[in-house]
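Colleague: So in numbering that gives the first Met the number 0, spot 27 of the sequence shown is number 26, and the numbers just go up one at a time. Where is the CB? At the ideal position from N, CA and C, for every residue including glycine. Questions regarding the structure given below will be posed in turn.
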Amino acid sequence: MNRKHFLSSFIAAATVFPAFKTLANTVENESSSFKIPPYLKPGDTIGITSPAGYITLEQIQPSVLQMQSWGFTIKIGDTIGKRDFTYGGTDEERLADLQRMLDDPNVKAIMCARGGYGLVRIIDQLDFSSFKKNPKWIIGFSDITVLHCHLAKNYGIASIHSKMCNSFPDDWSKAEQIQIETILSIKNALIGEPMGYTAPASINNQPGKVDGILVGGNLSIIETLAGSNSDLNTKDKILFIEDTGEYLYSIDRMLWNLKRSGKLKNLKGLIVGGFKVKPDDAGEEFGKTIYEIVLEKVKEYNYPIAFDFPVGHQRNNYALKCGVNHTLTVKETGSILQTIA
0 MNRKHFLSSF IAAATVFPAF KTLANTVENE SSSFKIPPYL KPGDTIGITS PAGYITLEQI
60 QPSVLQMQSW GFTIKIGDTI GKRDFTYGGT DEERLADLQR MLDDPNVKAI MCARGGYGLV
120 RIIDQLDFSS FKKNPKWIIG FSDITVLHCH LAKNYGIASI HSKMCNSFPD DWSKAEQIQI
180 ETILSIKNAL IGEPMGYTAP ASINNQPGKV DGILVGGNLS IIETLAGSNS DLNTKDKILF
240 IEDTGEYLYS IDRMLWNLKR SGKLKNLKGL IVGGFKVKPD DAGEEFGKTI YEIVLEKVKE
300 YNYPIAFDFP VGHQRNNYAL KCGVNHTLTV KETGSILQTI A
């Protein structure tokens, strides 16, 4: 085709079909701002549902009692106590329960009861039309990273990456201080308190200070969502990652995927949380540490990098608000992540 004719045709098409402009605006909005759901006040209702693994009514009781003590009303979903092998009910049951929570105007936040596996099986069947008009906080981590990424990609709505019902202490009076602090961070996130966390100094850190929208979650989930309708856009974001039960070579492979797909190239900053590594098989030692694996992928980038951050499948797993502006400061003395009011 003649180049001049092609350019004329393209310009004409853009004039006739406003979808060209709409697509551009969608991408721009996804990168620049997120909608923050209303923060909770006493008397508001938190719904509990299990869109992934199964959990019993008895197992969620400590979380119910604790959230009630914070002044919230609790609505227990139909999936609590249901089981279909590893899942909290069949796909149809989990889909219906989460959909009811999304659509219920009286539910102001949704606490996912536990992780495991299962959200990816139902994510494309969920209808977010009511949720878009009246967004609410969705809370969870691990497999719930599917939801965090989907909301970020498609709707630009903030959510809370945090512990879930199965992490609340059975006896609050006997709980360790770190367990109390991490659970209370969920409450603080829900009511809109300023959030700020520190991480220890590390010789592997890369210093710097940046402002940006925080996104992220479980590394293996982020990697497997690549190319899907829930693919996480990391451009100009502060990305945090964590994982558990993976071999070092698997973590290396996943990070190569993030690098090759451009997810590490244009970050504002990178936060590396907890990684519970599966021991190498005898004779199959990988030969690199987590620090070496990460630094190999980002060696040509100049953004700040904070290792050993208190997020992940561990006791010091604090609530982080995905889609909210933060300041990340990395110094020789340690790292600080703070929400921007």
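Is it true that the CB of E331 sits closer than 8 Å to the CB of A200?
Modeller: As a first step, residue 200 is located in the sequence shown; it is residue number 201 there, counting from the start. As a first step, residue 331 is located in the sequence shown; it is residue number 332 there, counting from the start. Cβ atoms of A200 and E331: closer than 8 Å.
Colleague: Going by alpha carbons, who is nearest to T233 out of G261, M253, L224 and I35?
Modeller: On the sequence shown, residue 233 is found 234 positions in, with the first residue counted as 1. The shortest C-alpha separation from T233 is found at G261.
Colleague: Using a Cβ-Cβ cutoff of less than 6 Å, which residues in the same chain neighbour W69 once the five nearest sequence positions on both sides are dropped?
Modeller: The count along the sequence shown starts at 1 and reaches residue 69 at position 70. Closer than 6 Å at Cβ, skipping near neighbours: K186.
Colleague: Straight-line CA distance for I292 to K277?
Modeller: As a position in the sequence shown, residue 292 is number 293, starting the count at 1. As a position in the sequence shown, residue 277 is number 278, starting the count at 1. Approximately 15 Å, taken between the alpha carbons.
Colleague: Beta strand (DSSP E) containing D251: first to last residue?
Modeller: In the sequence shown, the residue the question calls residue 251 occupies position 252. No beta strand (DSSP E) contains D251, which is instead part of the alpha helix (DSSP H) from L247 to R259.
Colleague: Let me check one thing: in DSSP terms, what residues is D126 bridge-paired to?
Modeller: The count along the sequence shown starts at 1 and reaches residue 126 at position 127. DSSP output for D126 lists no bridge partner at all.
Colleague: Are there three or more Cβ pairs, one per stretch, closer than 8 Å when the segment 203-219 is compared with the segment 115-126?
Modeller: Not touching, per the Cβ criterion.
Colleague: Give me whichever residues DSSP pairs with C111 in a beta bridge.
Modeller: As a first step, residue 111 must be located in the sequence shown, where it is residue number 112. For C111, which the question treats as bridged, DSSP gives the partners T48.
Colleague: Just how far apart, CA to CA, sit Y230 and K34?
Modeller: Position 231 of the sequence shown, counted from the first residue, corresponds to residue 230. Position 35 of the sequence shown, counted from the first residue, corresponds to residue 34. Sequence check: residue 230 is Asp here, not Tyr. The straight-line gap from Cα to Cα measures roughly 19 Å.
Colleague: What does a CB cutoff of less than 6 Å around G215 pick up in its chain, not counting 5 residues either side in sequence?
Modeller: What you label residue 215 is simply residue 216 of the sequence shown in a count that begins at 1. Correct list, in chain order: L238, F239 and I240.
Colleague: Grab me the residues of I289's own chain with a C-beta within less than 6 Å of its C-beta, minus the 5 sequence neighbours each way, in chain order.
Modeller: One-based indexing of the sequence shown puts residue 289 at position 290. Result list for I289: F274, in chain order.
Colleague: Suppose you measure from the CA of C321 to the CA of I304; what does that come to, to the nearest Å?
Modeller: As a first step, residue 321 must be located in the sequence shown, where it is residue number 322. As a first step, residue 304 must be located in the sequence shown, where it is residue number 305. Taking the straight line from one Cα to the other gives about 18 Å.
Colleague: With a cut-off of 8 Å, do at least 3 Cβ pairs link the segment 90-101 to the segment 217-224?
Modeller: No contact exists between the segment 90-101 and the segment 217-224.
Colleague: Whose CA, out of D43, P41 and G76, lies closest to the CA of T55?
Modeller: Here residue 55 is taken as the residue at index 56 of the sequence shown, counted from 1. Checking every option, the nearest Cα to that of T55 belongs to G76.
Colleague: Near L39, what residues of its chain come up, given a Cβ to Cβ distance below 7 Å and the 5 sequence neighbours on each side ignored?
Modeller: Numbered from 1 along the sequence shown, position 40 holds the residue referred to as residue 39. Excluding positions up to five away in sequence, the list reads F71, K107, A108, L189 and I190.
Colleague: The alpha helix (DSSP H) with Y290 in it runs from where to where?
Modeller: Numbered from its first residue, the sequence shown carries residue 290 at position 291. From DSSP, the alpha helix (DSSP H) with Y290 extends over I289 to V297.
Colleague: State the Cα-Cα distance for the pair P61 and H312, rounded to the nearest angstrom.
Modeller: Counting from 1 along the sequence shown, the entry for residue 61 is found at position 62. Counting from 1 along the sequence shown, the entry for residue 312 is found at position 313. Taking the straight line from one Cα to the other gives about 19 Å.
Colleague: Name the two residues that bound the continuous beta strand (DSSP E) containing D210.
Modeller: Here residue 210 refers to the residue found at position 211 of the sequence shown. First-last of the beta strand (DSSP E) with D210: G207 to N217.
Colleague: What ranges does the alpha helix (DSSP H) occupy inside the segment 260-289, keeping only unbroken runs of at least 4 residues that lie completely in it?
Modeller: Correct list: empty.
Colleague: Take the Cβ of D307 as the centre, count every other Cβ of all protein chains shown within 10 Å, and call the residue buried at 16 or more, exposed below.
Modeller: Within the sequence shown, the letter at position 308 stands for residue 307. Under this definition D307 is a buried residue.
Colleague: What is the C-beta distance between I137 and S158, in whole angstroms, given that I count them as a contact (C-beta under 8 Å)?
Modeller: As a first step, residue 137 must be located in the sequence shown, where it is residue number 138. As a first step, residue 158 must be located in the sequence shown, where it is residue number 159. Confirmed, about 5 Å.
Colleague: Whole angstroms is fine: what's the gap from V310's alpha carbon to E92's?
Modeller: Looking up residue 310 in the sequence shown gives position 311. Looking up residue 92 in the sequence shown gives position 93. Their backbone Cα atoms lie some 30 Å apart in a straight line.
Colleague: Using only CA atoms, which one of L269, D170 and I121 lies nearest to Y300?
Modeller: Here the question's residue 300 lines up with position 301 in the sequence shown. It is L269.
Colleague: So N256 packs on A281, CB below 8 Å; how close in whole Å?
Modeller: Along the sequence shown, one-based indexing puts residue 256 at 257. Along the sequence shown, one-based indexing puts residue 281 at 282. About 27 Å; that fails the 8 Å criterion.
Colleague: Determine the closest residue to G87 out of F130, G114 and P104, with distance taken between C-alpha atoms.
Modeller: Walking along the sequence shown from the start, residue 87 turns up at place 88. Cα-wise, what sits closest to G87 is G114.
Colleague: Mapping DSSP to helix, strand and coil, what is I121?
Modeller: Along the sequence shown, one-based indexing puts residue 121 at 122. Coil, per DSSP.
Colleague: Using the C-alpha atoms, what's the distance from D102 back to D279?
Modeller: Locating residue 279 in the sequence shown gives position 280, counting from the first residue. Locating residue 102 in the sequence shown gives position 103, counting from the first residue. D279 and D102: Cα-Cα distance of roughly 46 Å.
Colleague: Go ahead and label Q176 buried or exposed: buried means 16 or more other beta carbons lie within 10 angstroms of its beta carbon, across all protein chains shown.
Modeller: Mapped onto the sequence shown, residue 176 falls at position 177. Label assigned to Q176: exposed.
Colleague: Would R314 and Q178 be called neighbours here (beta carbons separated by less than 8 Å)?
Modeller: Here residue 314 corresponds to residue number 315 of the sequence shown, with the count starting at 1. Here residue 178 corresponds to residue number 179 of the sequence shown, with the count starting at 1. Their beta carbons are under 8 Å apart, which means R314 touches Q178 by this criterion.
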